Structure formats: C-alpha cells, structure tokens
Amino acid sequence: MTAPKTQQNIDQLCINTIRTLSLDAVQKAESGHPGLPLGMAPTAYVLWTKFMRYNPKNPKWFNRDRFLLSAGHGSMLIYALLHLTGYDLPLDELKRFRQLHSQTPGHPENFMTKGVEITTGPLGQGFANGVGMAMAQTHLAAKFNQKGFPIIDHHIYCICSDGDLMEGVSYESASLAGHLKLANLIYFYDDNNITIEGNTDLAFNEDATKRFEAAGWHVLEVADGNDLKAIENAIKEAHKIKDKPKLIRVKTIIGFGMPKQGTNKAHSDAPGEEAVKETKRNLGWDENKHFYRTRTRPAKKQLKKPSVISAGTKTSISMFQKKFPRISAKR
Ligand SMILES: Cc1ncc(C[n+]2csc(CCOP(=O)(O)OP(=O)(O)O)c2C)c(N)n1
Ligand SMILES: [Mg+2]
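This is the structure:
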C-alpha cells in the first residue's frame, strides 16, 4: 500500500479504506451491495471530511448536517464512514454486517445505529424524507434565527441513485422542494447508468438534468466521480446558490475496482474471495489484509477532524439564550 506522504496519498488511502471495509463486510456476510460504496466513496469522503458538520460524540447535536443514504442498499458506505469518523460503531459490528441484532442491518435503520438519520431501503423514500427535513429546518430557521445568530443553518445532504429517481415519490417531493426553494438541500445523484437489471437504457433514459431544472433545482455535474477537486468544487458551488435546492450529478463507475465494475453484476452480492483479492490489487491494496483500517496519523486526523465543529455552536446557543430569552422560550 502506498505510504501516505502527500495529501493525495492520504486521500486515496482513506477512500480505499472505505471501499475495502465495504467489500470485506459484504464478502463476510455473503450478501449485500458493494457497487454503490465503491463508486461513491470519493464523493462521500470529500463531503464528510471537508463540508459536513457533525459530532460523533454527540450524534444528536441539533444543528448537525443530516446525511441521508436514500439508496439504502449501499448501507456499507454509511457504516464505514460512521466507523472511521469516530461514531460508536466498532469494527466488530462491521464484521457482523447483515446479522440478526447487529448494528449494521442490510439497509440502514435509524433506531439501530447511532448516526443513521433515517431508515432507507425502499427507493425514493430517503429522497422525500430529506425534503421534509429541509422544510422543517427552513421553518425553524425562520422562527428562531436572529441577525448574527444563525443557530439553525444546517444542510440536508443525500445520496440518491437511478432507482431513487425512477420512483414517483422522488418526483413529487422534488417538485415541492423546487417550489419552496429549499436551498438547504444538496443531493448527490450516483449517476452510474446501472441498475439491478442492467444498463439504464433498458428502462430509464430521461434527461434528469432537464427534469430537475424544470422543477426549480440547480443542477451541477461532476464528470468523474474519482476527481476529488471536481467534487469539492461542485459542493462549494452548490453552497453559493442560496435560492434553490441543488442536485449534483456525479458520474461514477459502479463497483469501482471490481473485476465486474461498470456492470449490473457489481450492484449486489458477495463477489467471491478471488474477486475481492483482485479488487484489492486493482486498488493498490494488500490482498491479504481484511477489514484493514489505516492507523497512520495523518489519515486518522483527516477522518476525525469534523468532531471539533459543534463545540463553537454550543457556545452560540447559550449566548443566544441569554440575548433572546423570549424567543428561546418559544415552542
Ligand atoms: C421501491 C423499491 N423498489 C425496488 C427496490 C429493489 N431495488 C434495490 S436496488 C434497486 C435498483 C438499483 O439501481 P440503482 O438505484 O441505480 O442502484 P445501483 O445499482 O446503481 O447501486 C432496486 C430496484 C427497492 N429497494 N425499492
Ligand atoms: Mg445506478
């Protein structure tokens, strides 16, 4: 494995840790969905290490950014992220992926795993839930925020997939989000042209950009889902747009690194020991290491740094209460 001397190496090490943890968990369970985590790991990594505000030691901190995995089948992505960023999700739980009573069920459940905001799996549902959360946030912000005290200013980030966009519920909620100009929504579309049955040409070839623009969204595109700078720039750009919900189409390769990458064979199921080894080799990983996490300091620092952020916000809430006692007492 590459020694993490440069920032680029540190990034790749972290991203491939997310990928290989996902792969190992699916292989150990002999079931699950490796395709999405391998394709979307770079996007999730940039989001979680450069933009998201959260505190693993205080997962319910009110003004945290919400991260929703509407494409709940890719659950290992969120479990790997929670584990690596310091949430209370030990490695042993990743090894118990998809086992009865584990904290790592096949699809995310908000009452089973700390840090999972909503239950997802039925496609489209997480997408629509996010719109509801954005409405609630906008309402609370209008009611409570005061000049110089934006105590409620979090974002709702969501990863959705082809299957999510095919569902009626995402259309309906996207229309409402556009109408209400819910600018706190930033959605990532895992645009990989693949669903369970094969290429999206089989059943889904509409122009998603035009559809979302027609519904009042701002649509951005990342041409290469492995291009970290392009992902970062797209998120920065999305943050600048203050009057619309945003959809970032990220062009990815499903199951990146797997022998069957880019095909519906990478969508689900354990790939088999040999294919796992081959994937690891393709990613520049040691094929004999299982559930390996980087212990190098720069990488750990990179993955755990967001936890600092909520400390400042606590102070601002107590200052807010002192300065605006009447508004603080409002329900
Ligand atoms: C409402 C609903 N219908 C069907 C399914 C079964 N299902 C799971 S994933 C999937 C589609 C997979 O395609 P995509 O969303 O593009 O995910 P990817 O293969 O790119 O990971 C389907 C139909 C589901 N989860 N929810
Ligand atoms: Mg897809």
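Numbers given in our numbering equal positions in the sequence shown, counted from 1, plus 337. Here a beta-carbon is modelled for each residue, glycine too, at the ideal position from N, C-alpha and C. Quick caveat, the model's predicted, so the values are computed rather than measured.
* With DSSP as the reference, label A453 as helix, strand or coil. => Residue identity differs from the one stated: residue 453 is Val in this sequence, not Ala. Looking at V453 - three-state DSSP - the assignment turns out to be coil, as it is neither helix nor strand.
* Going by CA-CA distance only, name the one from K583, T357 and G599 that's closest to L557. => It is K583.
* To do: Starting from the N-terminal side, write out each stretch of the alpha helix (DSSP H) that is 4 residues or longer and does not extend beyond the region 468 to 541.
  => Runs found: 499 to 503 and 505 to 516.
* Identify the residues that DSSP records as bridge partners of I585: which are they? -> Paired residue(s): F525 and L557.
* Would you kindly work out how many angstroms separate the C-alpha atoms of V383 and T532, rounded to a whole number? => Roughly 25 Å between the two C-alpha positions.
* Span of the alpha helix (DSSP H) holding R548? -> Residues A545 to A551.
* Minimum C-alpha distance to I496 - residue among D528, G452 and L428 -> The shortest CA-to-CA distance from I496 to any of D528, G452 and L428 is the one to D528.
* Asked: Are N466 and T475 touching if we call contact CB-CB under 9 Å?
  -> No, these two residues do not count as a Cβ contact at 9 Å.
* To do: Would you mind giving the Cβ-Cβ distance between G594 and L375, rounded to the nearest angstrom? I have them listed as a contact below 8 Å.
  => A Cβ-Cβ distance of about 6 Å is found for the pair G594 and L375, placing them in contact under the 8 Å criterion.
* **Contact set for G452: own chain, Cβ-Cβ below 6 Å, skip 5 residues either direction** => Once the five neighbours on either side are set aside, the close Cβ partners of G452 are P396, L419 and Y424.
* To do: Taking only the alpha-carbon atoms, compute the straight-line gap between N346 and S653 and give it to the nearest angstrom.
  => Straight-line measurement puts the Cα of S653 at about 37 Å from the Cα of N346.
* To do: Please indicate yes or no: does the CB of E367 lie closer than 8 Å to some heavy atom of ligand 4?
  => With respect to ligand 4, the structure offers nothing, as its ligand set consists of ligand 1 and ligand 2.
* Measure the Cβ-Cβ separation of D501 and L460 and say whether it is below 9 Å. => Yes, Cβ-Cβ distance for D501 and L460 is below 9 Å.
* Among V506, L437 and A417, which has the Cα closest to the Cα of L358? -> That would be A417, whose Cα lies nearest to the Cα of L358.
* Hey, quick one: how far does the alpha helix (DSSP H) through R403 stretch, first residue to last? -> In the DSSP assignment, R403 falls outside any alpha helix (DSSP H) and lies within the beta strand (DSSP E) extending over R403 to L406.
* Close beta carbons around I355, own chain, < 8 Å, minus the five adjacent residues each side -> Around I355: P374, A378, A381, Y382, L414, A417, L418 and L421.
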